[in-house]
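Chains as they are written, first to last, in our numbering: chain P, 2 to 336; chain V, 2 to 336. We put the beta carbon where it would ideally sit given N, CA and C, even for glycine. Predicted model, so just to flag it, every value in this text is computed and none were measured.
There are 2 protein chains.
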Amino acid sequence: MNDRKLKLADLAKLAGVSTSTVSRALNDNPLIKQETRDKLQQLAKKHNFSLNTAASRLRTQKTNVVAVIINLDGDTEQSINDPFLLKIVGEINLALNKFGLELLLSNSFMASDDWANYFINSRRADGIIVVGQGKSQANIEAAASAGVPLVVWGDPKTPSSYPIVGSDNYLGGRIATEHLLSNGAKNILFLGDPGHAEISERHRGYLDAINEAKATPHVVSIDITSSAAYKGINQLLVEKGLCFDGIMACSDMVAFGAMKALKERYISIPNDVALVGFDDIAMADISHPSLSSIKQNTQRASVILVEKLLAQLAGQSVESQVVEIELVNRQSSQR
Amino acid sequence: MNDRKLKLADLAKLAGVSTSTVSRALNDNPLIKQETRDKLQQLAKKHNFSLNTAASRLRTQKTNVVAVIINLDGDTEQSINDPFLLKIVGEINLALNKFGLELLLSNSFMASDDWANYFINSRRADGIIVVGQGKSQANIEAAASAGVPLVVWGDPKTPSSYPIVGSDNYLGGRIATEHLLSNGAKNILFLGDPGHAEISERHRGYLDAINEAKATPHVVSIDITSSAAYKGINQLLVEKGLCFDGIMACSDMVAFGAMKALKERYISIPNDVALVGFDDIAMADISHPSLSSIKQNTQRASVILVEKLLAQLAGQSVESQVVEIELVNRQSSQR
DNA sequence: AAACAAATTGCAAACGTTTGCATAAATCTT
DNA sequence: AAGATTTATGCAAACGTTTGCAATTTGTTT
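Here you go:
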């Protein structure tokens, strides 16, 4: 900060024009002669000029900022460190930047629960992207009905007054289960928490696949963390022995928890128990055995999220959308 | 958004006082009588009032926003999805919120390389937290010497004109190596990229421990990703066979890459090769065998980062600081 | 060359806060 | 009870942009 910050008026004086002209020139407004525009833009660059966004936002009533809220349930151990959630945030960041928007990061216990007020009325952001539906959609519902431009990463099939973008969880659950079945598994566990919006869809897919195969469903309901999965499988093995030969886990982290419990008891994966996860996090490819998983196209989803948010800001009404999923076939389910 | 946004003047009219009074009351300014303050604050709450931050920022020249920049090298594959980097961001977010600050997330290829201008002169943020030194400190140096309030997560021992907070990487490397030695390993590989600031310190620690034990150092220099580690170890095994019995990996993700290569060849961990990672990410506890690792105290570091940034904003000069590390002893190194 | 249209630029008023200073009301002094 | 303090409020000017409108310059038409 060599000297005091340059403002539009200073540039104007330097160039011998009015501030309006400089403002328009820097915004590439065709009202200004091309020649003057070029000259002023160069001058700005030369002096390292940059607009005061506070002033600009005040005047235009636009921020070009999007708030991203990581929406965790109060009663889960699933933490803000969950690799998948953070991966999504990373992707959304990229997508936003592509559209010239900035990302204000928040977790769900920020200031108040009143998102409309905290983010929008206060002109902190133009819109909100919520990552994760959680178990309760009350906060989201409230914000949406207050007219806040809002999109959600979650399960698109959930009926809602706001657009939800997410994977076809039902299909994911179904494909994963069918894959296990076709690899010869007969007794397949569902490992996860069917109370959770997205996971309940995966569970439905699982059930349908199981029923069609005339097999018996068996749900181990746990909090969606690796340690809960580890404990859950361990306990099951202690109490009932190896009463299953396949696991469809509701996330990769959960799958790894299960994998650990199995390995510790020298139960072979995939020979004794075939395993499929969900999310396809980086670790899935590196674990041994590598973990078959349902890959969510987070990159594409992020772009769609941003596009839908922009559409809302432009006054259009938008709908929920499913992004395709894909089974990544690795060792843990192969036999 | 039922009706038009309430502003300070509207509240004032409702209460029959001036805007100055409302402004002061909401900021808990003792100039205003306690009674009036209470009354106005209640009124504000009742009407869901919230300040226009744009106006406020323009007037006060403060934003209460901190930009967090994930500073990746251009030439590494280490991605924005690296669990450890994102973990740190999560922790920083928590720490910032604790101090009433907000977090503007950016990656290093934002708008321009001129951070001083882009973030500070434009009044987007009051200060910057840089996560990761990367190989080149040019950007950071430039911003710091422009007088930008700035703190860096990195290696605190790097000489610098700006404060760096980070783990005692030298000690970490040393402790990890000594631990491997004391578990009977004789030929210990260092797996990582010694060109990288933080990792070079870990490497120094490794070297000193090796030399003191009169053992022979052996560095496998790779990009700091799991897949590079996997390939690196694989290649080494192909070319020279099992010429080592311990690995000190520069990160957990790298350790997992190595682990996979070893497991695929039925090399036992820890019996044939003992392994220690760095970062103690969630997965370290869940892998099988579980991964011994040097745990960085990211939570404490985050708080310190924020405190130091605030101190700078208050005009104080601050210094780099080391946060303690800890060896988490798990199966991968135990024999 | 006058009258008109089109292309450029400038003027000045917002946007909604905060805050130094002046004022008004309440309390204290003597 | 009138001045001197202290306490509580209001006035009005900033903060740095953007933008409708007016004004000027330039080019075109008759």
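Residue i - containing alpha helix (DSSP H), residue span
| i | result |
| --- | --- |
| Gln-67 (chain P) | Sequence inspection shows Val at residue 67 (chain P); the Gln mentioned does not correspond to that position. Run containing Val-67 (chain P): none in the alpha helix (DSSP H); it sits in the beta strand (DSSP E), 66-71. |
| Ser-162 (chain P) | Premise fails: Ser-162 (chain P) is in no alpha helix (DSSP H) and is neither H nor E. |
| Val-177 (chain P) | The sequence as given places Ala at residue 177 (chain P); Val does not occur at that position. Counting along the chain, the alpha helix (DSSP H) containing Ala-177 (chain P) begins and ends at 170-183. |
| Ile-248 (chain V) | Per DSSP, Ile-248 (chain V) belongs to no alpha helix (DSSP H); it is in the beta strand (DSSP E), 247-250. |
| Asn-235 (chain P) | 227-241 |
| Lys-8 (chain V) | Where Lys-8 (chain V) is concerned, there is no enclosing alpha helix (DSSP H), given that its DSSP letter is neither H nor E. |
| Lys-158 (chain P) | Where Lys-158 (chain P) is concerned, there is no enclosing alpha helix (DSSP H), given that its DSSP letter is neither H nor E. |
| Phe-257 (chain P) | 253-265 |
| Ser-146 (chain V) | 139-146 |
Buried versus exposed, by CB contacts within 10 Å (16 or more), residue i
| i | result |
| --- | --- |
| Glu-325 (chain V) | exposed |
| Glu-320 (chain V) | exposed |
| Thr-54 (chain V) | buried |
| Asn-122 (chain V) | buried |
| Gln-297 (chain V) | buried |
| Val-239 (chain V) | exposed |
| Arg-58 (chain P) | buried |
| Gly-133 (chain V) | buried |
| Gln-43 (chain P) | exposed |
| Asn-72 (chain V) | buried |
| Ser-201 (chain P) | buried |
| Asn-94 (chain P) | buried |
| Gln-138 (chain P) | buried |
| Thr-226 (chain V) | buried |
| Thr-64 (chain V) | buried |
| Lys-46 (chain V) | exposed |
| Gly-316 (chain V) | exposed |
| Lys-88 (chain V) | buried |
| Lys-309 (chain P) | buried |
N-terminal and C-terminal residue of the beta strand (DSSP E) that residue i is part of
| i | result |
| --- | --- |
| His-219 (chain V) | 219-222 |
| Gln-322 (chain P) | 322-324 |
| Phe-279 (chain P) | 275-280 |
| Asn-108 (chain P) | 103-108 |
| Ile-270 (chain V) | It is not in any beta strand (DSSP E) - Ile-270 (chain V) carries neither H nor E in the DSSP assignment. |
Own chain partners of residue i with C-beta closer than 8 Å, once the 5 adjacent residues on each side are dropped
| i | result |
| --- | --- |
| His-180 (chain P) | Val-277, Ser-293, Leu-328, Asn-330, Ser-334 |
| Met-2 (chain V) | At Met-2 (chain V), the pLDDT of 40 sits below 50, so the modelled position is not reliable; the number obtained from the coordinates is stated separately. If we look at Met-2 (chain V) and ignore the five residues flanking it on each side, it has no Cβ neighbours. |
| Leu-1 (chain V) | Outside the modelled stretch of chain V, which goes from 2 to 336, sits residue 1 (chain V), for which no answer is possible. |
| Val-66 (chain V) | Leu-102, Glu-103, Leu-104, Leu-105, Arg-125, Ala-126, Asp-127 |
| Ile-305 (chain P) | Val-166, Gln-322, Val-324 |
| Ala-56 (chain P) | none |
Chain V contact residues for residue i, given Cβ-Cβ distances below 7 Å
| i | result |
| --- | --- |
| Thr-54 (chain P) | Ser-123, Arg-124, Arg-125 |
| Asn-108 (chain P) | Asn-94 |
| Leu-12 (chain P) | Per Cβ cutoff of 7 Å: no residues; Leu-12 (chain P) is ~13 Å from chain V at best. |
| Glu-103 (chain P) | Leu-105 |
8 Å Cβ cut-off: residues of chain V touching residue i
| i | result |
| --- | --- |
| Ser-288 (chain P) | Phe-257, Lys-261, Ser-288 |
Residue(s) in a DSSP beta bridge with residue i
| i | result |
| --- | --- |
| Glu-327 (chain P) | P:Lys-296 |
| Phe-190 (chain P) | The amino acid at residue 190 (chain P) is misidentified as Phe; the sequence shows Leu. DSSP, once it has assigned bridges, lists P:His-219, P:Ile-248 as partnering Leu-190 (chain P). |
| Leu-151 (chain P) | P:Ile-129 |
| Gly-206 (chain V) | Answer is none; Gly-206 (chain V) lacks a bridge partner. |
| Gly-167 (chain V) | V:Val-323 |
Residue i: CB within 8 Å of a non-hydrogen atom of the ligand COA
| i | result |
| --- | --- |
| Lys-14 (chain P) | Among the components of this structure there are no ligands whatsoever, and the ligand COA is therefore not found. |
Under 9 Å by beta carbon: chain P residues contacting residue i
| i | result |
| --- | --- |
| Lys-264 (chain V) | His-289, Pro-290 |
| Ser-227 (chain V) | Ala-283, Met-284, Asp-286, Ile-287 |
| Lys-99 (chain V) | Ordered by position in chain P, no residue passes the 9 Å Cβ test against Lys-99 (chain V), which lies about 11 Å from the chain. |
Same chain, Cβ closer than 6 Å to residue i, five either side skipped, listed in chain order
| i | result |
| --- | --- |
| Val-18 (chain P) | none |
| Phe-245 (chain V) | Asn-188, Leu-190 |
| Ala-312 (chain V) | Val-319 |
| Glu-92 (chain V) | Thr-299, Gln-300, Ser-303 |
| Val-23 (chain P) | Leu-9, Leu-12, Ala-13, Leu-41 |
7 Å CB neighbourhood of residue i in its chain, flanking five on each side removed
| i | result |
| --- | --- |
| Ile-268 (chain V) | Leu-243, Val-274 |
| Arg-205 (chain P) | Tyr-171, Gly-174 |
| Glu-199 (chain V) | Gln-134, Gly-155, Asp-156, Gly-167, Asn-170 |
| Ala-214 (chain P) | Leu-182 |
| Ala-26 (chain V) | Ile-33, Thr-37, Arg-38, Leu-41, Gln-42 |
| Val-237 (chain P) | In the sequence under discussion, the amino acid at residue 237 (chain P) is Leu, which differs from the Val named in the question. Counting only Cβ-Cβ distances below 7 Å, and skipping sequence neighbours, we find Val-221. |
| Ala-186 (chain P) | Asp-246, Gly-247, Ala-275 |
| Phe-100 (chain P) | Val-307, Leu-311 |
Within chain P, partners of residue i - CB distance below 7 Å
| i | result |
| --- | --- |
| Tyr-119 (chain V) | Ser-51 |
| Arg-58 (chain V) | Ala-55 |
Contact list for residue i against chain V, beta-carbon separation under 9 Å
| i | result |
| --- | --- |
| Pro-84 (chain P) | Asn-82, Pro-84, Leu-87, Lys-88, Ile-282, Ala-283, Met-284 |
| Asp-115 (chain P) | Asn-49, Ser-51 |
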